[in-house]
Amino acid sequence: MGRAGEPECDAEVVGRVLAGEIEVFGVLVARYRDAFARYATAVCGDPDLAADAMQEAFIRAFDGLRGCRQPERFGAWFFRILTNQCRNHRSRWGKHEAADPAGSVTVEAKESADGALMQGELRDGIARALDRLTADQREAFVLRHVDGRSYREMAELLVEREDVLRMRVHRARELMRRFLEERG
Amino acid sequence: MTVGNRLLIGVVGIAVLASSVVGQEPSLTTRLVARGATAEFAARVEALVLASERAGLPGEPIENKAIEGLAKRAPLERILPVLEQLRNRLRQGLAETEAAGLSPAPGLVVAAAAEALGRGMEPAEVRELIRSAPTPDAAAAGLSVAATLAAQGLDHRAAARAVHDAYRQGPSADQLYELPSVVADMAAHGMGMADVARRIMEGGGLPLPPMAGEGRGRGPPGGVPPGQVPGRDKAQGQGQGQGSGRRR
Amino acid sequence: MTGGWSDEAQRHLDGEGPPPPDADERARAEAFLAATRGYSAWLRVPGPQVDRAVMEAVRRSGGRGVRRSVWRWLVESRLAVRPMVAAGAAFALVIASVALTLLTQPPNRPTAQPPTGGSGAGVLVRFELDAPGARTVALAGSFNGWSDHAIAFSRSAETGRWSVTVALPPGEHQYLFVVDGERWVQDPAAHAQVRDEFGQTNSVLVVGPRGVVRS
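First to last, the sequence lines map onto chains A, B and C.
Per the numbering used here, the very first residue in the first sequence carries number 1; after that it's consecutive.
Per the numbering used here, the very first residue in the second sequence carries number 1; after that it's consecutive.
Per the numbering used here, the very first residue in the third sequence carries number 1; after that it's consecutive.
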């Protein structure tokens, strides 16, 4: 960051948006879409759903921007809104195991080349196993293993103690392992 | 301004402040209070919604019902029992949805199942409507449509049968939503509901209008093409996170 | 091997310890990490289209706040009354002008826009009421948080009938007409009437992609 004319920190951008420079909100959108798109996709289980959830979350963030009391922590504030939207969208429009589970495995098989069939099945297994975690567990697991964030970052985003998050991720791994073994 | 109102405004103010300090959008409690609920009532509704969601039920129908009650100025002590009954119907809806083989149960289907049960459809009918639906979205639509057909005066077995017949034509969820208009059209042309029911039970079915500019239905009847998420209109090459409308 | 991850395995999976001593568990841990890495790399992630869509909505709102996408009709009850009335009026104007340009349909088939392949387009639905003595009529329903004033009808000078045209997403909608801000009445032309469990009845309309037909 730091191109001429482009603001640097979140607090400055938020201030400018609230002062009427609404275009500058685009900086926050690009920044946090980049930061959280992977999280949203893994948590929603579907890129279209994730895009909808992100869009909705950004719009709510814009509408409610005055309610962001610590603009230097816009990211964490936005993350809460995004997580709520992902949960809502998942429960309303998320996919489920019952519908033709063979379908997507076939797609994986076609996509993978030369012996990567195993890879495809594993990925499919992870996706389905994620479906079976609780929302809390899924979010923590995704932050840790899909996003690769540290427990410290996670604590800031999820507003939760590190030791609690550690237990949650451990539990999630237990369940993932069991689900993956069930599939054989 | 009475003391009560001053207190209320104070509570709303604190709630808004608290929620923004914690870094969240305004809670259900805040929204309900803004609609005229007492803080205590709002807190009880929010607790009910959270508990329901933790039990795997969709919370939105309960929220919406609370807002409806407040908008209609129903007495607060009347609203809570209604919400609890709704929660119980949602539980039943969840049970039927899972019994039909849809697990985890999508909130939309659970809500539609609860509504159908509330309008007098039998649990077994509800289960069958979910089980034989081509997609979960179609299941939600089918339940909603069957319940409305029944409310239009159609015998509920005929209503369920009409939806089952429509399922077999591989419709999209949206197309199913045409059926109550089809029945209303028949009624406008002088057909009694008993005649419509007879026609359906004799295998005549209800005419399902094709989508504008398309052939009949989308996707193969009774299934979803591989790689597609059921109930979603995905053209080839999409799925790059465009967020194409699913805004229902 | 039944049973879960050992403590050493969990620490290693957290990136905070060496691989577990047991060879079998070490292999499982490596496979698990590889699978999650593969999954993460395989994800197709939303891109800048999201940014564009958001900024379009933000710009359209002129900075005053994005109203819910027309087709979703989630007017938030937390908004103060004045902006909501303004939004409702602006909205009615937009709908009225769109409705005018589409006035080619026979009277009892309301204008309907065919859905454009999943773009979530709403369907225009016309509501009418005969209420010669009324001063105001509004449409309150599941689609606008049952607001008793946000969607206002207008009265035709010639016929004296009240009407409003509204874009609704396909599906079931429950609603009532609010006369003079206090009398909640059913729509006789609805598909059905159902109990609302507060002692009243709600009108039900199921909107299909081609519009609605009612009695």
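We treat Cβ as the ideally placed atom computed from N, Cα and C, and that holds for glycine.
**Prompt:** Does DSSP put G199 of chain C in a helix, in a strand, or in coil?
**Reply:** Counting from one through the third sequence, the residue named residue 199 of chain C turns up at place 199. In the structure shown, G199 of chain C sits in coil (DSSP, three-state: anything other than H, G, I, E or B).
**Three-pair Cβ contact test at 8 Å for the segment 133-147 of chain B versus the segment 169-182 of chain B** = yes
**Request:** Would you tell me roughly how many angstroms separate the C-alpha atoms of L76 of chain B and S142 of chain C, rounded to the nearest one?
**Result:** Taking the first residue of the second sequence as position 1, residue 76 of chain B is located at position 76. Taking the first residue of the third sequence as position 1, residue 142 of chain C is located at position 142. Computed Cα separation, rounded: 19 Å.
**Request:** Go to V217 of chain C, then tell me how far its beta strand (DSSP E) extends in each direction, as first and last residue.
**Result:** With chain C running from 1 to 215 in the structure shown, residue 217 of chain C is simply not present.
**Limits of the unbroken beta strand (DSSP E) element including T165 of chain C** = Residue mapping note: residue 165 of chain C aligns to position 165 of the third sequence, counting from 1. It spans W162 to L168 - the beta strand (DSSP E) in which T165 of chain C sits, taken as one unbroken run.
**Prompt:** Which residue or residues does DSSP assign as beta-bridge partners of G38 of chain C?
**Reply:** Position 38 of the third sequence, counted from the first residue, corresponds to residue 38 of chain C. The partner list for G38 of chain C (beta bridge, DSSP) is empty, contrary to what the question assumes.
**Item:** Candidates C:Y39, C:D187, C:A150 and C:V54, of which the one nearest V27 of chain A by Cα
**Value:** As a position in the first sequence, residue 27 of chain A is number 27, starting the count at 1. Checked all of C:Y39, C:D187, C:A150 and C:V54; the closest Cα to V27 of chain A is C:V54.
**Prompt:** From P19 of chain C to A127 of chain A, what does the alpha carbon distance come to, in whole angstroms?
**Reply:** Residue mapping note: residue 19 of chain C aligns to position 19 of the third sequence, counting from 1. Residue mapping note: residue 127 of chain A aligns to position 127 of the first sequence, counting from 1. So the alpha carbons of these two residues sit roughly 25 Å apart.
**Request:** Following the continuous beta strand (DSSP E) through W184 of chain C, name the residue where it begins and the one where it ends.
**Result:** Walking along the third sequence from the start, residue 184 of chain C turns up at place 184. Taken as a continuous stretch (DSSP letters only), the beta strand (DSSP E) holding W184 of chain C covers R183 to V185.
**Residue from A:R144, A:I22, A:G20 and A:G15 with nearest C-alpha to Y39 of chain A** = Here residue 39 of chain A refers to the residue found at position 39 of the first sequence. For the residues A:R144, A:I22, A:G20 and A:G15, the minimum Cα distance to Y39 of chain A belongs to A:R144.
**Prompt:** Is there a Cβ from chain C that is less than 7 Å from the Cβ of L158 of chain A?
**Reply:** As a working mapping, residue 158 of chain A is identified with position 158 in the first sequence. Answer no: the Cβ-Cβ gap between L158 of chain A and chain C never drops below 7 Å.
**Prompt:** Would you report the Cα separation of V182 of chain B and P170 of chain C, rounded to the nearest angstrom?
**Reply:** In the second sequence, the residue the question calls residue 182 of chain B occupies position 182. In the third sequence, the residue the question calls residue 170 of chain C occupies position 170. Between V182 of chain B and P170 of chain C, the C-alpha separation is close to 15 Å.
**Message:** With H, G and I counted as helix, E and B as strand and the rest as coil, what does DSSP make of Y256 of chain B?
**Reply:** Since the first and last residues shown for chain B are 1 and 248, residue 256 of chain B lies out of range.
**Asked** Nearest-angstrom Cα distance between D130 of chain C and R161 of chain C?
**Response** Numbered from its first residue, the third sequence carries residue 130 of chain C at position 130. Numbered from its first residue, the third sequence carries residue 161 of chain C at position 161. The alpha-carbon atoms of D130 of chain C and R161 of chain C are separated by roughly 5 Å.
**Test item: CB-CB of A112 of chain B and L90 of chain B under 7 Å** = The residue you call residue 112 of chain B lines up with position 112 of the second sequence. The residue you call residue 90 of chain B lines up with position 90 of the second sequence. Going by C-beta atoms, A112 of chain B is not nearer than 7 Å to L90 of chain B.
**Message:** According to DSSP, simplified to helix, strand and coil, what is H164 of chain B?
**Reply:** Walking along the second sequence from the start, residue 164 of chain B turns up at place 164. Helix, per DSSP.
**Request:** Check each candidate in A:M154, A:A53, A:F25 and A:G15 and name the one with the smallest Cα separation from R166 of chain A.
**Result:** Against the first sequence, residue 166 of chain A aligns to sequence position 166. Nearest of A:M154, A:A53, A:F25 and A:G15 to R166 of chain A, Cα basis: A:M154.
**Reference D7 of chain C; option with closest CA among A:L180, A:A11 and A:R171** = The residue given as residue 7 of chain C occupies position 7 in the third sequence. Among A:L180, A:A11 and A:R171, the Cα nearest to that of D7 of chain C is on A:R171.
**Request:** Answer with buried or exposed for S150 of chain A, where buried requires no fewer than 16 other C-beta atoms within 10 angstroms of its C-beta.
**Result:** Locating residue 150 of chain A in the first sequence gives position 150, counting from the first residue. Result: exposed.
**Message:** Can you check whether the C-beta of W42 of chain C is within less than 7 Å of a C-beta belonging to chain B?
**Reply:** As a first step, residue 42 of chain C is located in the third sequence; it is residue number 42 there, counting from the start. No - not a single Cβ of chain B is within 7 Å of the one on W42 of chain C.
**Item:** the segment 74-94 of chain A in contact with the segment 94-109 of chain B per 3-pair CB rule at 8 Å
**Value:** yes
**Request:** Reducing DSSP to helix, strand and coil, say where R119 of chain B ends up.
**Result:** Translated into positions along the second sequence, residue 119 of chain B becomes position 119. Residue state, collapsed to three classes: coil.
**Request:** Would you tell me roughly how many angstroms separate the C-alpha atoms of V164 of chain A and A43 of chain B, rounded to the nearest one?
**Result:** In the first sequence, the residue the question calls residue 164 of chain A occupies position 164. In the second sequence, the residue the question calls residue 43 of chain B occupies position 43. Rounded to the nearest angstrom, the two C-alpha atoms are 26 Å apart.
**Message:** Out of A:G45, A:F25, A:R69 and A:E72, which one is the CA nearest neighbour of R52 of chain C?
**Reply:** Within the third sequence, the letter at position 52 stands for residue 52 of chain C. The option with the nearest alpha carbon to R52 of chain C is A:F25.
**Asked** Whole-angstrom Cβ separation of A150 of chain B and M121 of chain B, contact assumed at under 8 Å?
**Response** As a position in the second sequence, residue 150 of chain B is number 150, starting the count at 1. As a position in the second sequence, residue 121 of chain B is number 121, starting the count at 1. That belief holds up - the Cβ atoms of A150 of chain B and M121 of chain B are roughly 7 Å apart, short of 8 Å.
**Request:** Could you tell me whether the Cβ of Y175 of chain C comes closer than 7 Å to any Cβ of chain A?
**Result:** Start at 1 with the first residue of the third sequence, and residue 175 of chain C comes out as number 175. Chain A contact via Cβ: absent.
**Prompt:** Measuring CB to CB, does I81 of chain A end up less than 7 Å from A51 of chain A?
**Reply:** By 1-based counting over the first sequence, the position of residue 81 of chain A is 81. By 1-based counting over the first sequence, the position of residue 51 of chain A is 51. Result no, Cβ atoms of I81 of chain A and A51 of chain A do not sit closer than 7 Å.
**Asked** Among all the DSSP beta bridges, which residues are the ones paired with H173 of chain C?
**Response** Numbered from its first residue, the third sequence carries residue 173 of chain C at position 173. C:L205.
**Item:** C9 of chain A, buried or exposed, once every other Cβ within 10 Å from all chains shown has been counted against 16
**Value:** Here residue 9 of chain A refers to the residue found at position 9 when the first sequence is read from its first residue. Exposed.
**Message:** Using a 10 Å radius around the Cβ and a threshold of 16 neighbouring Cβ atoms, would you call S147 of chain C buried or exposed?
**Reply:** Working through the third sequence from its first residue, we reach residue 147 of chain C at position 147. Answer is buried; the Cβ neighbour count reaches 16.
**Item:** A55 of chain B versus L94 of chain B - alpha carbon distance
**Value:** Translated into positions along the second sequence, residue 55 of chain B becomes position 55. Translated into positions along the second sequence, residue 94 of chain B becomes position 94. Between A55 of chain B and L94 of chain B, the C-alpha separation is close to 10 Å.
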